[in-house]
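Under the working numbering, think of the first position of the sequence shown as 405, with each following residue one higher.
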Amino acid sequence: MRATLDDVEHPLEPFWRGVIAFRLLTLVTVIGVTLWHLDGYARPYGAAVVLVVMTLWTAVLSWGYLGRLPGLPDRRGALAVADLAVCCLVMAATPLVVFEAQLDAGTPGMGSIWTSGSVLACAVAFRIRGGLIAALVISAALVLSKWRFGLLELGDIELLVLAGLTVGFASRVLQRAAARLRRSAAQQAADAERERLTRQIHDGVLQVLAHVQRRGTEMGGGAAELGTLAGEQEVALRTLLTAGAPTTDATGHRDLGAALRTLSSPRVTVSAPADPLELPASVTDEIEAVVRAALANVDAHAGPEARAWVLVEELDRDLEISVRDDGPGIPDGRLAEAESEGRLGVARSIRGRVEQLGGTLSLDTGPGRGTEWAVRVPRPVRTQGVAS
C-alpha cells in the first residue's frame, strides 16, 4: 500500500486495513474447513449458525474499522474489545457443535484462526499491552473451549502472544514516527513563515522602532522615554521573531518555556529549563496569562526603571513559576483596597487563573524590597497518545 497524507495524519490506518484483510481471508478459510467437516459435526446446523454469525460480525467489523459505522466515527478501540468478546463466544460454541473425537483427531474448534484477528485489532488499538492481554484471553478461551491443553494448543498460544506483541510494538513505533513527522513538518512551516515575516518586519517595523529610539535619545526629555519604550519593543519583537511563537503539537501540547521566553525584554529576564516543558496548550495559555498579568503590575506600579525576572523550575510533580521585580514593593493592605474598589486585576488575572489550574499563589513583598509572585501548579502527566 502506498503511503498517503491520510496515512500520515492517521498512521494506523494501514494496520486497520490489514486487520480487515486478515479477517476476510481467515473467514473464507474457516468456512471452507467447517463445510469440509460439516457432516461429521455433532450439530451441523449449529455450526452453520456460527458461520453466519462470524460472517455478519466480520462485515460489521470491516465497516467499523474503516470508520464508516453510523454513530461510531472513531470507536475502533471499543469495537476491538467487542470483537474479543464475540470471538470468545464463538469459541465457546465448540463443545456444543464438535464431537470430542473430532477434537482428538485434530479438527479445529469453532472460529479457529479467525479468532486471532481480535488479538491483532487489540494490538493496533491499545499497542503492546492490548495485544498481550487479548492474546491471553483468546488463549484461555481456546483451552476452555476444548477442555484440553496439549502441544497443539501450546503452539497456538505462542503464536497468539507473538502476534500481539509484534503488532502492538509496530503500531506504537509507527504512531510515534508519524507524530515526529507531523512535528517536523509543522516546525518547517513555522520556520518558513517566521523567516518571511522577519524579512517584512525588518524592512518596516524594526527600522521604524530603531529610528524612534535613536531620535528620542537625541531629543531628550519626554521623547527620550518614548525612545526607550520603542527600543524595548524592538528587542521584544526581535526575540519573538528569533525564537518563534510557541506552536501546538499534534497532541495539543505547547512548550511553556518557549511561550514565556517571548515575554523577554531589556527589563524582563526569563529563565526556563532548556528541555521543553510540554503542557496541554490550555494550561500553557493560562500560565502565560498569569505571568503577563504579573509583569503588567510591574509596569504599572514598580516604575519605568524597574527590572523583572521570571524563573521556571521543575519540581517532583509541580511547576513553580516566580515573577520578581526590584520595585518599591506593595504596601500592606493595598491589594485588599484595590479589590474593594472594584479593580480586580490581581484577583481575576492571577489568583483566579491559578486556582482554576489547581495551584497555589503566594506573595512576598514589602516596602523597599520589591515584589515576588510565586505560582505553583501541578504538572499534568504528558500523554503521548501511545499506550505501552
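Quick reminder that beta carbons are idealized off the backbone N, C-alpha and C, glycines included.
If you're wondering where the values come from, they're calculated on a predicted model, not measured in any experiment.
Going straight from the alpha carbon of residue 451 to that of residue 462, what length do you get?
Numbered from its first residue, the sequence shown carries residue 451 at position 47. Numbered from its first residue, the sequence shown carries residue 462 at position 58. Whole-angstrom Cα-Cα distance: 16 Å.
Any chance you could list the alpha helix (DSSP H) runs of at least 4 consecutive residues sitting entirely within the region 407–494, in chain order?
409–413, 417–440, 448–469
What does the Cβ neighbour count give for residue 755, buried or exposed, with the cut at 16 atoms within 10 Å?
Within the sequence shown, numbered from 1, the residue matching residue 755 stands at position 351. Classification for residue 755: buried.
For residue 794, three-class secondary structure by DSSP
In the structure as shown, the chain starts at 405 and stops at 792, and residue 794 therefore has no counterpart that could be examined.
Please report the straight-line C-alpha distance between residue 537 and residue 422, rounded to a whole angstrom.
Here residue 537 is taken as the residue at index 133 of the sequence shown, counted from 1. Here residue 422 is taken as the residue at index 18 of the sequence shown, counted from 1. If I take the Cα positions, the gap works out to 20 Å.
Simplified DSSP assignment, three categories, for residue 734
Your numbering for residue 734 matches position 330 in the sequence shown. Residue state, collapsed to three classes: coil.
Compare the Cα-Cα distances from residue 690 to each of 419, 760, 611 and report the closest residue.
Stepping through the sequence shown from its first residue, residue 690 is reached at position 286. Selected option, being the one with the closest Cα: 760.
Assuming residue 684 contacts residue 706 (C-beta within less than 8 Å), just tell me the rounded distance between them.
For the purposes of this step, residue 684 is taken as the residue at position 280 of the sequence shown. For the purposes of this step, residue 706 is taken as the residue at position 302 of the sequence shown. Wrong, their Cβ atoms sit about 32 Å apart, outside the cutoff.
May I ask you to report which of helix, strand or coil DSSP gives residue 688?
Position 284 of the sequence shown holds residue 688. Helix, per DSSP.
Identify the continuous beta strand (DSSP E) that holds residue 517 and give its terminal residues.
In the sequence shown, residue 517 corresponds to position 113, counting from 1. Premise fails: residue 517 is in no beta strand (DSSP E) and is neither H nor E.
Alpha-carbon to alpha-carbon, residue 571 and residue 671
Counted from its first residue, the sequence shown places residue 671 at position 267. Counted from its first residue, the sequence shown places residue 571 at position 167. Cα to Cα, residue 671 sits roughly 54 Å from residue 571.
Can you give me the C-alpha to C-alpha distance between residue 715 and residue 467, rounded to a whole angstrom?
Within the sequence shown, residue 715 is the residue found at index 311, counting from 1. Within the sequence shown, residue 467 is the residue found at index 63, counting from 1. Going from the Cα of residue 715 to the Cα of residue 467 covers about 53 Å.
Tell me whether the beta-carbon of residue 692 lies closer than 8 Å to the beta-carbon of residue 728.
Translated into positions along the sequence shown, residue 692 becomes position 288. Translated into positions along the sequence shown, residue 728 becomes position 324. Not a contact, by the Cβ cut-off of 8 Å.
Inter-residue CB distance, residue 481 and residue 529 (contact presumed, cutoff 8 Å)
Here residue 481 refers to the residue found at position 77 when the sequence shown is read from its first residue. Here residue 529 refers to the residue found at position 125 when the sequence shown is read from its first residue. Contact flag correct, Cβ pair sits at about 4 Å.
Rounded to the nearest angstrom, what separates residue 587 and residue 615 at their Cα positions?
Here residue 587 is taken as the residue at index 183 of the sequence shown, counted from 1. Here residue 615 is taken as the residue at index 211 of the sequence shown, counted from 1. Each residue's alpha carbon lies about 38 Å from the other.
Does the count of Cβ pairs from the region 487–495 and the region 441–450 closer than 8 Å reach three?
no
Within 10 angstroms of the Cβ of residue 702, are there 16 or more other Cβ atoms? Answer buried if so, exposed if not.
The count along the sequence shown starts at 1 and reaches residue 702 at position 298. Flag for residue 702 reads buried.
Rank 781, 520, 770 by C-alpha distance to the C-alpha of residue 424 and give the top, closest one.
The residue you call residue 424 lines up with position 20 of the sequence shown. Of the candidates 781, 520, 770, the one whose C-alpha sits nearest the C-alpha of residue 424 is 520.
Would you identify the three-state DSSP class for residue 630, choosing helix, strand or coil?
Along the sequence shown, one-based indexing puts residue 630 at 226. Residue state, collapsed to three classes: helix.
Integer-rounded CB distance, given that residue 439 should sit under 8 Å from residue 458:
Against the sequence shown, residue 458 aligns to sequence position 54. Against the sequence shown, residue 439 aligns to sequence position 35. The pair is not a contact, with the Cβ atoms about 13 Å apart (cut-off 8 Å).
Helix, strand or coil at residue 709 according to DSSP, with G and I counted as helix:
Here residue 709 refers to the residue found at position 305 of the sequence shown. In the structure shown, residue 709 sits in coil (DSSP, three-state: anything other than H, G, I, E or B).
Residue 669, DSSP secondary structure in three states:
Position 265 of the sequence shown holds residue 669. Reduced to three states, the DSSP call for residue 669 is strand.
As a quick exercise: from 561, 549, 514, 762, pick the residue whose alpha carbon is nearest that of residue 535.
Here residue 535 refers to the residue found at position 131 when the sequence shown is read from its first residue. That would be 561, whose Cα lies nearest to the Cα of residue 535.
Could you give the DSSP three-state label for residue 794: helix, strand or coil?
No information on residue 794 is available, as it lies outside the stretch 405 to 792 that the chain covers here.
CB-CB under 7 Å to residue 699, same chain, minus the five flanking residues each way: which ones, in chain order?
Taking the sequence shown and counting its residues from 1, the one referred to as residue 699 is at position 295. 667, 672, 712, 727.
Where does residue 778 sit, in a helix, a strand or coil, going by DSSP?
One-based indexing of the sequence shown puts residue 778 at position 374. Strand, per DSSP.
Spatial distance of residue 778 from residue 634 (CA atoms)
For the purposes of this step, residue 778 is identified with residue 374 of the sequence shown, where counting begins at 1. For the purposes of this step, residue 634 is identified with residue 230 of the sequence shown, where counting begins at 1. Going by the C-alpha atoms only, they are around 30 Å apart.
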